[in-house]
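Residue numbers (the working numbering): 93 to 270. Encoded as C-alpha coordinates, the structure appears first; notes follow it.
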(Lines of atoms letter the chains of each structure in order from A and count residues from 1; the text may use other names and numbers.)
(Lines give C-alpha, C1' and ligand atoms only; values in the text may rest on other atoms or scores of the structure.)
Protein backbone atom coordinates (compact mmCIF):
# COMPACT_ATOMS: atom_id res chain seq x y z
CA UNK A 1 0.00 0.00 0.00
CA UNK A 2 0.99 3.59 -0.64
CA UNK A 3 -0.59 6.37 1.40
CA UNK A 4 0.02 9.33 3.68
CA UNK A 5 -1.27 9.46 7.26
CA UNK A 6 -2.16 13.00 8.35
CA UNK A 7 -2.74 14.50 11.78
CA UNK A 8 -3.46 18.09 12.81
CA UNK A 9 -3.59 19.73 16.21
CA UNK A 10 -5.52 23.00 16.54
CA UNK A 11 -5.10 26.08 18.71
CA UNK A 12 -8.82 26.28 19.46
CA UNK A 13 -12.18 24.90 18.33
CA UNK A 14 -12.00 26.71 14.98
CA UNK A 15 -11.15 24.34 12.14
CA UNK A 16 -8.79 26.91 10.61
CA UNK A 17 -6.53 27.17 13.67
CA UNK A 18 -3.96 24.47 12.83
CA UNK A 19 -0.94 24.76 15.13
CA UNK A 20 0.85 21.53 14.17
CA UNK A 21 0.77 19.03 11.34
CA UNK A 22 2.39 15.69 10.74
CA UNK A 23 2.46 13.43 7.72
CA UNK A 24 3.70 9.84 7.75
CA UNK A 25 4.46 8.57 4.25
CA UNK A 26 4.00 4.87 3.47
CA UNK A 27 5.43 3.38 0.27
CA UNK A 28 5.15 -0.31 -0.56
CA UNK A 29 3.78 -1.10 2.93
CA UNK A 30 6.77 0.53 4.63
CA UNK A 31 6.99 3.83 6.46
CA UNK A 32 9.40 5.75 4.26
CA UNK A 33 9.24 9.34 5.48
CA UNK A 34 7.85 11.62 8.15
CA UNK A 35 7.11 15.32 8.19
CA UNK A 36 6.29 17.43 11.24
CA UNK A 37 5.92 21.15 11.69
CA UNK A 38 4.50 23.64 14.08
CA UNK A 39 2.23 26.20 12.41
CA UNK A 40 1.51 29.76 13.47
CA UNK A 41 -2.29 30.10 13.39
CA UNK A 42 -4.14 33.37 12.82
CA UNK A 43 -6.21 32.89 15.98
CA UNK A 44 -5.62 32.62 19.70
CA UNK A 45 -4.94 29.51 21.69
CA UNK A 46 -7.66 28.12 23.96
CA UNK A 47 -6.51 26.66 27.27
CA UNK A 48 -8.32 23.35 26.71
CA UNK A 49 -6.52 22.70 23.41
CA UNK A 50 -3.19 23.55 25.03
CA UNK A 51 -4.02 21.13 27.84
CA UNK A 52 -4.65 18.37 25.29
CA UNK A 53 -1.63 18.77 23.00
CA UNK A 54 0.78 20.87 25.05
CA UNK A 55 1.51 23.41 22.31
CA UNK A 56 1.55 27.01 23.57
CA UNK A 57 1.38 30.26 21.65
CA UNK A 58 5.06 30.91 22.44
CA UNK A 59 5.98 27.57 20.83
CA UNK A 60 4.68 28.73 17.43
CA UNK A 61 5.93 32.33 17.58
CA UNK A 62 8.57 31.67 14.90
CA UNK A 63 6.72 28.88 13.10
CA UNK A 64 5.61 29.26 9.49
CA UNK A 65 2.05 30.16 8.63
CA UNK A 66 0.07 27.53 6.75
CA UNK A 67 0.64 28.83 3.18
CA UNK A 68 4.39 28.25 3.64
CA UNK A 69 3.75 24.73 4.89
CA UNK A 70 1.32 24.04 2.04
CA UNK A 71 4.06 24.72 -0.53
CA UNK A 72 5.93 21.69 0.84
CA UNK A 73 3.03 19.27 1.37
CA UNK A 74 0.70 20.03 -1.57
CA UNK A 75 2.21 17.24 -3.73
CA UNK A 76 0.85 14.66 -1.28
CA UNK A 77 -2.71 15.82 -1.98
CA UNK A 78 -3.38 14.77 -5.54
CA UNK A 79 -6.24 13.00 -7.31
CA UNK A 80 -4.61 9.56 -7.19
CA UNK A 81 -3.10 9.86 -3.69
CA UNK A 82 -4.61 8.28 -0.58
CA UNK A 83 -4.51 10.38 2.59
CA UNK A 84 -5.70 8.73 5.79
CA UNK A 85 -6.43 10.02 9.27
CA UNK A 86 -7.86 8.73 12.49
CA UNK A 87 -11.17 10.60 12.75
CA UNK A 88 -10.63 11.90 9.24
CA UNK A 89 -13.59 14.32 9.24
CA UNK A 90 -11.70 16.40 11.80
CA UNK A 91 -8.35 16.46 9.97
CA UNK A 92 -9.93 16.87 6.53
CA UNK A 93 -12.03 19.71 7.96
CA UNK A 94 -8.94 21.41 9.38
CA UNK A 95 -7.18 21.13 6.02
CA UNK A 96 -10.22 22.34 4.05
CA UNK A 97 -10.96 25.26 6.40
CA UNK A 98 -7.34 26.34 6.68
CA UNK A 99 -6.95 26.32 2.91
CA UNK A 100 -10.16 28.35 2.57
CA UNK A 101 -8.99 30.81 5.24
CA UNK A 102 -5.96 31.60 3.09
CA UNK A 103 -7.85 31.56 -0.22
CA UNK A 104 -6.10 28.40 -1.44
CA UNK A 105 -8.14 26.03 -3.61
CA UNK A 106 -8.79 22.64 -2.02
CA UNK A 107 -7.24 19.80 -3.99
CA UNK A 108 -8.93 16.58 -5.00
CA UNK A 109 -7.49 13.50 -3.31
CA UNK A 110 -8.57 10.15 -1.90
CA UNK A 111 -9.21 9.73 1.82
CA UNK A 112 -9.86 7.02 4.37
CA UNK A 113 -10.83 7.16 8.04
CA UNK A 114 -9.22 4.57 10.32
CA UNK A 115 -11.96 5.13 12.90
CA UNK A 116 -14.43 3.74 10.36
CA UNK A 117 -12.17 0.87 9.31
CA UNK A 118 -11.50 -0.07 12.93
CA UNK A 119 -15.21 -0.14 13.77
CA UNK A 120 -15.69 -2.64 10.94
CA UNK A 121 -12.69 -4.84 11.75
CA UNK A 122 -12.65 -4.60 15.56
CA UNK A 123 -16.29 -4.30 16.68
CA UNK A 124 -15.48 -5.97 20.00
CA UNK A 125 -13.41 -3.01 21.26
CA UNK A 126 -15.03 -0.75 23.88
CA UNK A 127 -14.31 2.28 21.66
CA UNK A 128 -12.23 3.11 18.60
CA UNK A 129 -10.08 5.93 19.92
CA UNK A 130 -6.50 6.02 18.72
CA UNK A 131 -5.00 5.03 22.07
CA UNK A 132 -7.49 2.17 22.53
CA UNK A 133 -6.66 0.74 19.10
CA UNK A 134 -2.94 1.08 19.67
CA UNK A 135 -3.20 -0.89 22.92
CA UNK A 136 -5.40 -3.56 21.31
CA UNK A 137 -3.14 -3.95 18.26
CA UNK A 138 0.15 -3.58 20.16
CA UNK A 139 1.09 -0.42 18.23
CA UNK A 140 3.40 2.06 19.90
CA UNK A 141 1.88 5.45 20.68
CA UNK A 142 4.42 7.45 22.65
CA UNK A 143 2.70 10.81 23.08
CA UNK A 144 -1.00 10.85 22.22
CA UNK A 145 -1.98 14.22 20.69
CA UNK A 146 1.52 14.79 19.37
CA UNK A 147 0.74 15.06 15.66
CA UNK A 148 3.77 13.02 14.55
CA UNK A 149 3.15 10.20 17.02
CA UNK A 150 -0.55 10.17 16.12
CA UNK A 151 0.08 10.07 12.35
CA UNK A 152 2.62 7.26 12.81
CA UNK A 153 0.13 5.28 14.91
CA UNK A 154 -2.61 5.85 12.31
CA UNK A 155 -0.31 4.59 9.54
CA UNK A 156 0.48 1.48 11.57
CA UNK A 157 -3.21 0.83 12.21
CA UNK A 158 -3.96 0.81 8.49
CA UNK A 159 -0.90 -1.33 7.74
CA UNK A 160 -2.05 -3.83 10.39
CA UNK A 161 -5.58 -3.87 8.96
CA UNK A 162 -4.25 -4.38 5.42
CA UNK A 163 -2.02 -7.24 6.54
CA UNK A 164 -4.74 -8.89 8.64
CA UNK A 165 -7.81 -8.38 6.44
CA UNK A 166 -6.37 -7.60 2.97
CA UNK A 167 -6.44 -4.44 0.92
CA UNK A 168 -9.63 -5.45 -0.92
CA UNK A 169 -11.52 -5.16 2.38
CA UNK A 170 -10.29 -1.55 2.71
CA UNK A 171 -11.37 -0.29 -0.72
CA UNK A 172 -15.02 0.42 0.26
CA UNK A 173 -13.73 2.96 2.82
CA UNK A 174 -11.99 5.18 0.24
CA UNK A 175 -13.67 8.54 -0.40
CA UNK A 176 -12.90 11.34 -2.85
CA UNK A 177 -12.20 14.74 -1.26
CA UNK A 178 -12.08 18.08 -2.97
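All residues carry an ideal CB built from backbone N, CA and C; glycine is no exception.
Going by DSSP, what residue range makes up the beta strand (DSSP E) through residue i?
| i | result |
| --- | --- |
| residue 267 | 267-269 |
| residue 174 | 174-177 |
Since residue i and residue j are thought to touch, with beta carbons under 8 angstroms apart, how far apart are those beta carbons, to the nearest angstrom?
| i | j | result |
| --- | --- | --- |
| residue 75 | residue 176 | A query on residue 75 cannot be resolved here, the shown segment of the chain reaching from 93 to 270 and no further. |
| residue 113 | residue 239 | 6 angstroms |
| residue 265 | residue 211 | In fact, because the Cβ distance is near 10 angstroms, the residues do not count as touching under 8 angstroms. |
| residue 122 | residue 203 | The Cβ separation is near 21 angstroms, so there is no contact. |
| residue 245 | residue 226 | 5 angstroms |
Would the beta-carbon of residue i fall within 8 angstroms of that of residue j?
| i | j | result |
| --- | --- | --- |
| residue 189 | residue 107 | yes |
| residue 199 | residue 170 | yes |
| residue 184 | residue 159 | no |
| residue 166 | residue 133 | no |
| residue 137 | residue 148 | yes |
| residue 99 | residue 243 | yes |
| residue 220 | residue 144 | no |
From the DSSP output, which residues share a beta bridge with residue i?
| i | result |
| --- | --- |
| residue 112 | 101 and 130 |
| residue 95 | 118 |
| residue 249 | Beta-bridge pairing links residue 249 to no other residue. |
| residue 125 | 117 |
Go to residue i, then tell me how far its alpha helix (DSSP H) extends in each direction, as first and last residue.
| i | result |
| --- | --- |
| residue 205 | Unbroken run through residue 205 is the beta strand (DSSP E), 201-205; no alpha helix (DSSP H). |
| residue 180 | 180-193 |
| residue 160 | 158-165 |
| residue 76 | Coverage of the chain is limited to positions 93 through 270, which leaves residue 76 absent and any answer about it impossible. |
Thinking C-alpha only, which one of the options is nearest residue i?
| i | options | result |
| --- | --- | --- |
| residue 179 | 129, 223, 117 and 231 | 223 |
| residue 182 | 115, 230 and 101 | 101 |
| residue 161 | 129, 173 and 154 | 129 |
| residue 251 | 191, 119, 104 and 173 | 119 |
| residue 135 | 105, 258 and 257 | 105 |
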